[in-house]
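Take any residue in the sequence shown, count from 1 to its spot, add 30: that is its number in my numbering. I have placed the structure first, in the form of structure tokens, so that the comments after it can refer back to it.
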Amino acid sequence: MLTRIEEDLLGSREVPAEAYWGVHTLRAVENFRISGKTISDVPEMVRGIAMVKKACALANKELRVLPEDIADAIVAGCDEILVEGRALDQFPVDVFQGGAGTSTNMNANEVIANLALETVGFEKGRYDVINPNTHVNKCQSTNDAYPTAFRVACIMVLEQLKEAVQRLADSFAAKGAEFSYVLKMGRTQLQDAVPMSLGQEFNSYSVNVTEEIGRIESSIRLLQEINLGATAIGTGLNTPPGYPEVAARKLSEISGYALVPAHDLVEATYDNGAYVAAHSVVKRLAMKLSKISNDLRLLSSG
Numbered sequence: 031m032l033t034r035i036e037e038d039l040l041g042s043r044e045v046p047a048e049a050y051w052g053v054h055t056l057r058a059v060e061n062f063r064i065s066g067k068t069i070s071d072v073p074e075m076v077r078g079i080a081m082v083k084k085a086c087a088l089a090n091k092e093l094r095v096l097p098e099d100i101a102d103a104i105v106a107g108c109d110e111i112l113v114e115g116r117a118l119d120q121f122p123v124d125v126f127q128g129g130a131g132t133s134t135n136m137n138a139n140e141v142i143a144n145l146a147l148e149t150v151g152f153e154k155g156r157y158d159v160i161n162p163n164t165h166v167n168k169c170q171s172t173n174d175a176y177p178t179a180f181r182v183a184c185i186m187v188l189e190q191l192k193e194a195v196q197r198l199a200d201s202f203a204a205k206g207a208e209f210s211y212v213l214k215m216g217r218t219q220l221q222d223a224v225p226m227s228l229g230q231e232f233n234s235y236s237v238n239v240t241e242e243i244g245r246i247e248s249s250i251r252l253l254q255e256i257n258l259g260a261t262a263i264g265t266g267l268n269t270p271p272g273y274p275e276v277a278a279r280k281l282s283e284i285s286g287y288a289l290v291p292a293h294d295l296v297e298a299t300y301d302n303g304a305y306v307a308a309h310s311v312v313k314r315l316a317m318k319l320s321k322i323s324n325d326l327r328l329l330s331s332g
């Protein structure tokens, strides 16, 4: 196997020559052998962090803290992932890891740096030209880039869930109309009770799941508040004035979501309330779907 030599503060290591990731990713793969599930197995997260890196490069370019040619190369590298669908398999870091996502952040920095290098005619590993940390990660910390990417990824899957729930509700409503004249025995505590139409039962399912669409939308709104530009602890150290606003605007344009900078970046950097809210919505929906599924199973028994 052909390799290239990469260096970090711990020393030099051989990295597969064809790999877009580098030495930081290699060490993370060795250190965190936990679940066997990698970031590459979660394409929404890969796309989310590529969007964040693209937005930051554009913000750095607009605010003149990154040379235009380097910023343009980073944007092109991100587009290799976002537009061309390349390098989605280049995120071998375990989804469970220490450091609050540092390994995933550096994995993305290395992959995007090497994609960017190729777009301007350099070989992988030429970090003297485009550096994963100095350039791709400029004006960022894992503590703002990673959670912002995670929020974008969550919004992606919640939007998909919302569409699926709407289709399910529409299907239940259609069956409600179709079965409106089919009489059946209603049950309480698994015993025959009083008559009802099968259509009424299916209409109730439609109403039951439709209620969850609004809750999904509410959880998405909470996730749209991001801390990009907060850097390590929320103080915005090493970012130029106006960076959070510009970065959020760029990320909104890239993602198509109405993302806004948090009112208090310190609070937003440690708060997990939006994730708890999103989880509760999914759990509540799962509970409802389980109940409906059991109803249908009983219905088929006679």
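All residues carry an ideal CB built from backbone N, CA and C; glycine is no exception. As the structure is a computational prediction, the values presented were derived from the model and not from experiment.
Burial state of residue i (16 or more Cβ within 10 Å)
| i | result |
| --- | --- |
| Val212 | exposed |
| Glu44 | exposed |
| Thr55 | buried |
| Val53 | buried |
| Asn137 | buried |
| Ile64 | exposed |
| Ser133 | buried |
| Val224 | exposed |
| Gln219 | exposed |
| Glu231 | buried |
| Glu114 | exposed |
| Tyr300 | exposed |
| Val195 | buried |
| Ala130 | exposed |
| Gln334 | Limits of the chain in this structure are 31 at one end and 332 at the other, which puts residue 334 out of reach. |
| Lys91 | buried |
| Leu329 | exposed |
| Pro46 | exposed |
| Leu147 | buried |
Integer Cβ distance of residue i from residue j, believed to fall under 8 Å
| i | j | result |
| --- | --- | --- |
| Asn167 | Asn139 | 5 Å |
| Ile246 | Leu191 | 6 Å |
| Leu295 | Gly264 | 4 Å |
| Tyr235 | Ile322 | 5 Å |
| Ala49 | Ser171 | Between Ser171 and Ala49 the Cβ distance is about 25 Å, and since that is not below 8 Å, they are no contact. |
| Val159 | Trp51 | No, Val159 and Trp51 are not in contact; Cβ-Cβ is about 17 Å, not under 8 Å. |
| Leu118 | Val76 | 6 Å |
| Asn233 | Gly206 | 4 Å |
DSSP beta-bridge partners of residue i
| i | result |
| --- | --- |
| Arg172 | The amino acid at residue 172 is misidentified as Arg; the sequence shows Thr. Thr172 pairs with nothing; no bridge assigned. |
| Gly41 | Asp38 |
| Ser201 | Paired residues: none, contrary to the question. |
| Val290 | Glu255 |
| Pro46 | Thr33 |
Residue j beta carbon less than 8 Å from that of residue i
| i | j | result |
| --- | --- | --- |
| Ser249 | Ala308 | yes |
| Val237 | Lys318 | no |
| Thr164 | Ala106 | no |
| Phe126 | Phe62 | yes |
| Leu93 | Gly266 | no |
| Met186 | Glu74 | yes |
| Pro270 | Val95 | yes |
| Leu88 | Ala101 | yes |
| Val182 | Ser70 | no |
| Asn58 | Val123 | Note that residue 58 corresponds to Ala in the displayed sequence, not to Asn. Against a cut-off of 8 Å, the Cβ pair of Val123 and Ala58 comes out as a contact. |
| Gly259 | Ala277 | yes |
| Lys84 | Leu112 | yes |
| Cys184 | Cys86 | no |
| Val311 | Glu208 | no |
| Leu253 | Ala316 | no |
| Pro162 | Asn257 | no |
| Arg251 | Gly155 | no |
| Glu110 | Leu145 | yes |
| Lys214 | Leu228 | yes |
is_contact[residue i, chain B] using C-beta, thresh 8 Å
| i | result |
| --- | --- |
| Ile322 | Annotation note: the requested chain B is absent from the structure, which comprises a single protein chain. |
### Query
Going along the chain, which unbroken runs of the alpha helix (DSSP H) with 4 or more residues stay wholly within the stretch 58-133?
DSSP assignment within the stretch 58-133 yields the following whole alpha helix (DSSP H) runs of 4 residues or more, N-terminal first: 73-92 and 98-112.
### Query
Enumerated in chain order, which unbroken segments of the beta strand (DSSP E) with a length of 3 residues or greater are wholly contained in the stretch 207-242?
Fully contained in the stretch 207-242 are the following beta strand (DSSP E) runs of length 3 or more, in chain order: 213-218 and 221-227.
### Unbroken stretches of the alpha helix (DSSP H), 4 residues or longer, contained in the stretch 277-322
For the alpha helix (DSSP H) assignment, the uninterrupted runs of no fewer than 4 residues enclosed by the stretch 277-322 are, from N- to C-terminal side, 295-300.
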